[in-house]
Amino acid sequence: MAVPKAERNHVENLRGKDGKLRVIDASMYSGKTERLITMAKRFERSGIPIQAFKHPIDDRYNGPTTLNSHSGLSHPCEAYAHPFEVYQHIKPETLVVLWDEAQFYTDPDDPHKAHELHQAMILTVEQLVHEGRLVVIAGLGLDFKGEGFGPMPELLAHASQVEKLTAVCAQCGSLDADRTQRLIEGQPAPYNSPLIVVGAQENYEARCRDCHDVPGAPSFHDLLASFLEK
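In numbering that gives the first Met the number 0, the protein residues as written are 0 to 229.
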């Protein structure tokens, strides 16, 4: 399948003009990486120079230098742990930058380092866009707790276009599963569990808002009661 005419015209006219940031916001099993891989193959077939990147912590399936979908699709990529490393490896001729697993550019154990990584991510993306490139970022907007994951909230705020992907809820079958449920021995992981644990079916499943369960998470009623006691 070729790149749609409107999208191709936009890419071909990028150089020297305003670039664009698109963000794909998704839960696990919603097809975000498959979406990136499909885009990569479309652009390549049309002769549009691209580069694909992801965080090296994601070494599932074929390793960190391949974009891998749960459905079995794959595409070569480069893997770097810092956004500035990505920028250092951008080729002058590249018009499209595809960047997967953006949520991992953070540090749950060091707030200062996390802030530095988030800032570096935003500045890198903004620079690439300023240089006239189409940047497509994919990531989990929410972590397993249902809270903003890494730099994703800021990336979504900076995006000129957002694509929201949902999956099928593993509990009720709803088509609106936009949460990622972490499991430990088949049971919902408690709120104080480690933020980042790379895994697949044995560790995670997609759930809708109503079926998402995080034992020990702050509740509206508890926080409201605490507020009213002040």
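Cβ coordinates follow ideal geometry from the N, Cα and C atoms, glycine included.
So the alpha helix (DSSP H) residue i belongs to, where does it begin and stop?
i      : result
GLU33  : 31 to 44
LYS53  : That residue, LYS53, is in no alpha helix (DSSP H); its beta strand (DSSP E) goes 49 to 53.
GLN118 : 110 to 129
LEU155 : 151 to 157
SER225 : 219 to 228
So, residue i versus residue j, is the Cβ gap smaller than 8 Å?
i      : j      : result
THR65  : CYS76  : yes
VAL95  : ILE49  : yes
ILE36  : HIS74  : yes
PRO55  : ALA78  : yes
HIS236 : GLY138 : Not covered by the structure: residue 236. The range shown for the chain is 0 to 229.
SER70  : GLU43  : no
LEU72  : SER159 : no
Rounded to a whole number of angstroms, what is the C-alpha to C-alpha distance between residue i and residue j?
i      : j      : result
PHE103 : VAL124 : 15 Å
GLY147 : ARG178 : 11 Å
ALA113 : HIS81  : 11 Å
CYS207 : ASP109 : 30 Å
PRO187 : GLN180 : 7 Å
VAL134 : VAL128 : 7 Å
GLN170 : ASP57  : 26 Å
GLY15  : GLY172 : Bear in mind that the predicted position of GLY15 carries a pLDDT of just 49, short of 50, making it too unreliable to give a figure here.
LYS40  : SER218 : 44 Å
SER45  : LYS53  : 23 Å
GLU249 : HIS220 : Missing from the structure shown is residue 249; the chain here goes from 0 to 229 and no further.
Could you name the residues of the same chain whose beta carbon sits closer than 8 Å to that of residue i, not counting the 5 residues immediately before and after it, in chain order?
i      : result
PHE83  : ALA119, THR123
ASP175 : THR165, CYS168, CYS207, ARG208
GLY18  : LEU127, VAL128, HIS129, GLU130, GLY131, ARG132, LEU133, VAL134
ILE121 : PRO150, GLU153, LEU154, HIS157
Taking Cβ positions only, does residue i come closer than 8 Å to chain D?
i      : result
ASP212 : This model lacks chain D altogether, as it is built from one protein chain only.
Go through its chain and collect everything with a Cβ distance to residue i's Cβ below 6 Å, but skip five positions before and after it.
i      : result
ILE136 : VAL22, TRP98, ALA101, LEU154
GLU204 : ALA169, GLN180
Using a Cβ-Cβ cutoff of less than 7 Å, which residues in the same chain neighbour residue i once the five nearest sequence positions on both sides are dropped?
i      : result
ASN202 : ARG181, LEU182, VAL196
TYR190 : LYS144, VAL213, PRO214, GLY215, ALA216
Contact between the segment 159 to 176 and the segment 21 to 38 (3+ Cβ pairs under 8 Å) | Contact between the segment 159 to 176 and the segment 21 to 38 is present, because at least three Cβ pairs lie under 8 Å.
Is the segment 130 to 146 touching the segment 184 to 198 in the sense that three or more CB pairs, one from each, lie closer than 8 Å?
-> With contact defined as three or more Cβ pairs closer than 8 Å, the segment 184 to 198 and the segment 130 to 146 are in contact.
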